[in-house]
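**Student:** First the structure, then my questions, so here it is.
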Amino acid sequence: MGRLRRAGRLGEAVFDEYSVLRCSFYYRHVYDLLGRIAVLVPFSAVPGLPLRRMFGGDQVFLRSDTNFKLFPAGVHAISELGSWLETYDQYRDELVVVSEVVTFEREYRCFCRDGGFVCGSSYPNEPYLPVPDRVRDFAETAAARLLAHGPTMVTVDVGVGPDGALRLVELGGVNSWGIYGSDVADFIAAMEAEALARAEVW
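With the working numbering applied, the sequence shown has no gaps in its numbers, which climb one by one up to 227 at the end.
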């Protein structure tokens with residue numbers, strides 16, 4: 026696997042562009058779509074932050090900067106963060122996202138290519154529902170903003186709040202994320218088109 030990833034064009038054809046799927050990269054282009062306060066800090070800096078003052082509550086959401094999910098993303102009570110952070114101390118030099126807690130009544134996974142919606146569905150629980158038009162539009166907006174910076178095919182996870190507001194959950198790769206209730210034929214067709222387009226560039 027290591028040799029394959031170092032194999033230039035072959036690696037690019039097989040793997041997602043993980044460097045641009047870091048929150049620390051793509052947040053600068055889509056921050057207004059998050060709909061919540063989020064900051065990036067070194068893991069080791071979290072205990073010293075005035076989290077209650079920053080986020081106005083007793084809980085925060087923590088996730089890894091990378092798409093590799095170095096530790097489980099989730100909501101944590103600020104008062105109990107110390108022991109949790111010790112558990113994952115091996116990542117003390119990694120960047121993490123700390124954000125305010127928001128509630129989603131439903132989430133949708135959208136696969137986009139060249140800034141356009143390809144397929145998608147609600148997730149993670151069945152029954153999987155089709156993606157509403159306004160969620161498609163939102164996902165396309167996020168995907169289009171990344172086009173000038175490398176990724177031509179991405180997943181866009183969109184959350185719908187109790188008030189109906191749409192928020193970007195995260196951006197991700199397409200070759201390692203579940204497709205849930207998405208149309209498999211449409212997904213495969215888009216992946217094939219992407220592979221052929223890359224072959225033409227080479």
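C-beta atoms are modelled at their ideal positions from N, C-alpha and C, and glycine is treated no differently.
Do Val121 and Leu87 have their C-beta atoms closer together than 7 Å?
**Tutor:** Yes.
**Student:** Could you compute how far the alpha carbon of Ile62 sits from the alpha carbon of Cys48?
**Tutor:** Computed Cα separation, rounded: 13 Å.
**Student:** Quick one: what's got a C-beta closer than 7 Å to Leu154's C-beta in the same chain, skipping five residues either side?
**Tutor:** Within the same chain, Leu154 has close Cβ partners Ser146 and Ser147.
**Student:** Is the distance from the Cβ of Thr91 to the Cβ of Asp139 below 7 Å?
**Tutor:** Against a cut-off of 7 Å, the Cβ pair of Asp139 and Thr91 comes out as no contact.
**Student:** Only counting the same chain, and skipping five residues up and downstream in sequence, which positions put a Cβ closer than 7 Å to that of Ala102?
**Tutor:** Once the five neighbours on either side are set aside, the close Cβ partners of Ala102 are Asp83 and Gln84.
**Student:** Considering only residues of the segment 123–178, which uninterrupted beta strand (DSSP E) runs meet the minimum length of 3 residues and lie entirely inside it, listed in chain order?
**Tutor:** 131–138 and 141–148
**Student:** Below 6 Å CB to CB, which residues in the same chain sit around Ser104 once its five sequence neighbours on both sides are set aside?
**Tutor:** none
**Student:** Apart from the five residues just before and just after Glu132, which ones in its own chain have a Cβ nearer than 8 Å to its Cβ?
**Tutor:** Ser147, Tyr148, Pro149, Asp182, Val183, Gly184, Val185 and Val194
**Student:** Starting from the C-beta of Glu42, find all residues in its chain whose C-beta is less than 6 Å away, skip the five residues before and the five after it, and write them out in chain order.
**Tutor:** Gly175 and Pro176
**Student:** Roughly how many whole angstroms lie between the Cα atoms of Tyr52 and Arg170?
**Tutor:** Approximately 11 Å, taken between the alpha carbons.
**Student:** Does Phe50 come out as helix, strand or coil in the three-state DSSP assignment?
**Tutor:** helix
**Student:** Report all residues from its chain with a CB closer than 6 Å to the CB of Tyr113; omit the five preceding and five following residues, and keep chain order.
**Tutor:** Around Tyr113, the same chain offers Phe96 as residues with beta carbons nearer than 6 Å, after the five sequence neighbours per side are excluded.
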